[in-house]
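This report concerns only the one structure given below.
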Ligand SMILES: Cc1ncc(COP(=O)(O)O)c(C=O)c1O
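Numbering (the working numbering), first residue to last: 937 to 1334.
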């Protein structure tokens, strides 16, 4: 069944490379055993990315040509790709402005589905672990497998962020988003036996060596200097006078997975070096540095016009993955931020849905880094870029 996608193509915009790494780049060695969080013995399998772990969870849940997946309307396409690779129908449920699932929408979509629904994907967006107990009850009542998406959550074999992994029969996470490793996707199951038949293959020696090389290279990327901070005003002055080269935003139909999902990699295990890095990095330092950077963003943007912070408050135990910032005027602010080299992610490729929040956030919600490897200079530069850019008046936009 083809799906209708919005796709934003930035190739005409001439955006430079981000000036600061969007994901962690430096390794913080720690082997302290008291960091292991206490959780019951659950089963794990290692994949190269969270999307392949999700794929295995969907398959085990019965998602396929005759079994649909219910997924959040605000999504990264890699959350849907594994279901599409299985040939499954994908049904999107609406979310509230805080990105919690809308249970009325779930009821409606479930009732209207002509194909049996086999799995419900529930995501803890941006590292904020949510209470999915009602959702779990809803799924249990209907005999649907709940797959808990911990891709934005600090969730590894050793460490589980507070409250995460309590709801899903299967849980998928992406350790490479929290540690400076080349790859890493984890599939966990409440009962280790659920994973009995799940087999993966090693990536091989050459890939292991390439992974180590890329980790070393990442940690040696050139850092920003004082000069970069001084250049922001001059760069912005010229951007404001230049005419903007907009990207192309269009709707297309597609029935297969995106190019970001490679069926050939679906059963490849994560690199041993990635697993070593993950289990020898300090989870508690990671969490506290992320908290610090997140709070720095919140404070720094409290008086900035033309935007709002999606979650101004985060619980003391949360390990935020990214800092979500809503822009009132993506044109021109998104363009100027990108042209200045700010590291920004935005889910501008998304399946069209009835969800007003997803439709709105697609172009308006930015994901900004708050990871543990950011230096004082990098945070200072990013904050200055956002403050100065968003303070610029917007002319001719309603
Ligand atoms: C919420 C969410 N779930 C799942 C995925 C897939 O994770 P991975 O990149 O590890 O394949 C992503 C990708 O960014 C994501 O943002």
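C-beta: ideal position from N, C-alpha, C; glycine also.
Are the CB atoms of residue 1202 and residue 979 within a distance shorter than 7 Å?
no
By the three-class DSSP mapping on this structure, what secondary structure does residue 1211 have?
helix
Separation of residue 1285 from residue 1249, as counted between CA atoms:
28 Å
Specify the secondary structure class of residue 1085 as computed by DSSP and reduced to three states.
strand
Rounded C-beta distance between residue 992 and residue 1134? I'm assuming under 8 Å.
Rounded, the Cβ-Cβ distance is 6 Å, consistent with contact.
Check for me: the beta strand (DSSP E) holding residue 1137 runs from which residue to which?
Unbroken run through residue 1137: none, as it is neither H nor E.
Can you tell which of 1310, 1271, 943 has its C-alpha closest to the C-alpha of residue 1182?
1271
Tell me whether the beta-carbon of residue 1165 lies closer than 7 Å to the beta-carbon of residue 1314.
no
Report yes or no: do three or more beta-carbon pairs, one from the region 999-1009 and one from the region 1018-1026, lie closer than 8 Å?
yes
Give the residues whose C-beta lies closer than 6 Å to at least one heavy atom of ligand 1, in chain order.
985, 986, 987, 1012, 1014, 1015, 1059, 1085, 1087, 1088, 1110, 1121
Quick check: what's the CA-CA separation for residue 1308 versus residue 1005?
34 Å
Do residue 1189 and residue 938 have their CB atoms nearer than 7 Å?
yes
Below 8 Å, can you find three or more Cβ-Cβ pairs linking the region 1145-1157 to the region 955-963?
yes
Among 1224, 945, 1300, nearest to residue 1252 - alpha-carbon criterion
1224
Determine, using beta carbons only, whether residue 1324 and residue 951 come nearer to each other than 7 Å.
No.
Option in 1264, 1257, 1293, 1292 with minimal Cα separation from residue 1281:
1257
Roughly how many angstroms separate the alpha carbons of residue 1242 and residue 1265, rounded to a whole number?
Distance between the alpha carbons of residue 1242 and residue 1265: 7 Å.
Have a look at the DSSP bridge pairing and note the partners of residue 1109.
1086, 1122
Measuring only the C-alpha atoms, how far is residue 1053 from residue 1120?
29 Å
Boundaries (first-last residue) of the beta strand (DSSP E) holding residue 1185
1184-1190
Using CA atoms only, rank isn't needed, just tell me which of 987, 1066, 1003, 943 is closest to residue 1199.
987
So, under 8 Å CB-CB, residue 1210 and residue 1118 are touching, yes? Tell me the CB distance rounded to an integer number of Å.
The beta-carbon separation of residue 1210 and residue 1118, rounded to 6 Å, stays under the 8 Å limit for a contact.
In chain order, which continuous runs of the alpha helix (DSSP H) of length 4 or greater are located wholly inside the region 1203-1253?
1208-1215, 1219-1236
Starting from residue 1091, follow the beta strand (DSSP E) in both directions and report where the run begins and ends.
Where residue 1091 is concerned, there is no enclosing beta strand (DSSP E), given that its DSSP letter is neither H nor E.
Among the candidates 1060, 1288, 1195, 1080, whose CA atom is the shortest distance from the CA of residue 1051?
Looking at the Cα atoms, 1080 is the closest of the given residues.
In whole angstroms, what separates the C-alpha of residue 1150 from that of residue 1076?
43 Å
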